[in-house]
Amino acid sequence: EYSLEIIEINHEGKIGKAFLRIPNHTRSQFPAVMISGGIDVWKSDLEIHSLSENFLKRGMATLLIDIPGTGDAPIAGSLTAHNWYLSALDTLK
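Note that our numbering numbers the sequence shown so that position 76 is 180, with each residue one more than the last.
Here you go:
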């Protein structure tokens, strides 16, 4: 029902992939929610998409992203891995 676009996130020269889902309306700007799973739930899992659809129904875009060290995240977990999320937010802007 809602579109899904695979976007690339550039994090310090390394490219990772995320899913961007946008609500079905004509506005060009809307709130967005970033959703990531955990070590055992990736952005492609049904639970994440079900959560995403709840936000989409309320007019919010969702960015589905894997945590560092899993899936399509291009970096391992580390003390600075939180910067991966900052790169994702910059891409979303």
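Glycine residues also receive a C-beta, built at the ideal position from the N, C-alpha and C atoms.
For T195, the uninterrupted alpha helix (DSSP H) segment begins and ends at 187-196. Assignment of I110 by DSSP, reduced to helix, strand and coil, places it in the strand class.
Where L167 is concerned, the enclosing beta strand (DSSP E) starts and stops at 165-169. Leaving aside the five residues that flank D170 on each side, the residues in its chain whose CB is nearer than 8 Å to its CB run, in chain order, G120, A122, S140, G141, W146, K147, D176, A177.
Contact annotation, H115 with S182: C-beta distance approximately 12 Å; criterion of less than 8 Å not satisfied. Cβ-Cβ separation between E157 and Y106: approximately 7 Å, consistent with a contact (criterion under 8 Å).
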